[in-house]
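Visitor: Heads up, the sequence shown is in numbering that gives the first Met the number 0, so the first residue is 0 and it goes up one at a time. My questions will all concern the structure given below.
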Amino acid sequence: MSQRTIAIAIVGIILLGLVLLSVAGARREARPTTPDLAGVSSADASNPQLVAAGREVYGSYCQGCHGVALQGNANIPALGGSSASATLSDGQLFAIVKTARAVCPHSATA
């Protein structure tokens, strides 16, 4: 094998590596950071800041699977309407959302 052939092969491998890295980088979703809920111990629907933070969390981490209207799909449970979660208290829902990253695949990287 000539030096020219080896050089072409090396350049080809480098270009292939760059293309693969570009594709891998493009596939990563840019996700907003979760609002800091560490100091929040309970749900308070009368607190507009907590409500806004809840909307942000749902839009970023839950809506992709559970849907805009909380409808879910064949493999993902609905969160609204007559679903079981609709009967939970605000405090119970808050506890689930605060720890959902442990059970929801879409949120696992959050």
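Glycine is no exception: its CB is placed at the ideal position from the N, C-alpha and C atoms. As the structure is a computational prediction, the values presented were derived from the model and not from experiment.
State buried or exposed for Val-10, treating a residue as buried only when at least 16 other CB atoms are found within 10 Å of its CB.
Guide: Reading the sequence shown from its first residue, position 11 is the one you call residue 10. The residue in question, Val-10, is exposed, as its Cβ has fewer than 16 Cβ neighbours within 10 Å.
Visitor: Please go through the same chain and pick out, in chain order, the residues whose beta-carbon is closer than 6 Å to the beta-carbon of Ser-81, but skip the five residues on each side of it.
Guide: Here residue 81 refers to the residue found at position 82 when the sequence shown is read from its first residue. Nothing meets the Cβ criterion.
Visitor: If you draw a straight line from the alpha carbon of Cys-64 to that of Ile-5, how long is it in whole angstroms?
Guide: Taking the first residue of the sequence shown as position 1, residue 64 is located at position 65. Taking the first residue of the sequence shown as position 1, residue 5 is located at position 6. Near 49 Å, if we compare the C-alpha coordinates of Ile-5 and Cys-64.
Visitor: Go ahead and pull the three-state DSSP assignment for Gly-80.
Guide: What you label residue 80 is simply residue 81 of the sequence shown in a count that begins at 1. Correct three-state label for Gly-80: coil.
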